[in-house]
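So the structure is just underneath, and the comments pick up after that.
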Amino acid sequence: MTIAEAAAILNCKTVCGADKMDRPVSSACGADLMSDVLTFVKENCLLLTGMVNAHVVRTAEMLDVPCIVLVRGKVPTQDMIELAEQTGVTLLTCEYTLYEACGRLYQNGLPPCK
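Here it is in structure tokens:
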């Protein structure tokens, strides 16, 4: 699945990284604790979270996560947007809860990180 396909499933708005929507993602992880993300997330994983701070982008950068989806209509901070642009991480927002967003992606064939 590509970032664009995942974004369409979740009716996402693109905050930054619109030019990178064709990148593939092989799995998804939903978490608000970045310690969990560090434990479970693998490369090319789509990260879904309700956390809106620069630490999320730093974590994504360390793990080669190409895209972060902010759930529940969360609005990213300006620091978060600037860091995502600098690091090449695509940043999206959607209105779904974390649970529903993960479920929709799973239902459409995107497996969880293991």
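All residue numbers for the sequence shown refer to the numbering used here, where the first residue is 3 and numbers rise by one.
Glycine included, C-beta positions come from ideal geometry on N, C-alpha and C.
Computed from a predicted structure; not experimentally measured.
Delimiting residues of the alpha helix (DSSP H) encompassing residue i
i   : result
T89 : 80-89
Q58 : A small fix is needed here, since residue 58 is Val in this sequence, not Gln. Per DSSP, V58 belongs to the alpha helix (DSSP H) from 56-64.
Pairwise C-alpha distance: residue j and residue i
i   : j    : result
A62 : Y101 : 20 angstroms
C96 : K76  : 8 angstroms
L65 : N110 : 24 angstroms
A6  : M23  : 5 angstroms
Beta carbon of residue i nearer than 9 angstroms to that of residue j
i    : j   : result
A103 : G19 : no
T51  : A30 : no
V39  : L48 : no
T92  : T16 : yes
Bounding residues of the beta strand (DSSP E) (the contiguous stretch that carries residue i)
i    : result
L72  : 69-72
L112 : Where L112 is concerned, there is no enclosing beta strand (DSSP E), given that its DSSP letter is neither H nor E.
8 angstroms contact criterion, which residue i and residue j should meet: CB distance rounded
i   : j   : result
T89 : V59 : 6 angstroms
- Query: On the three-pair Cβ rule with 8 angstroms, is the region 11-26 touching the region 64-77?
  - Reply: Because the criterion of three Cβ pairs below 8 angstroms is met, the region 11-26 and the region 64-77 touch.
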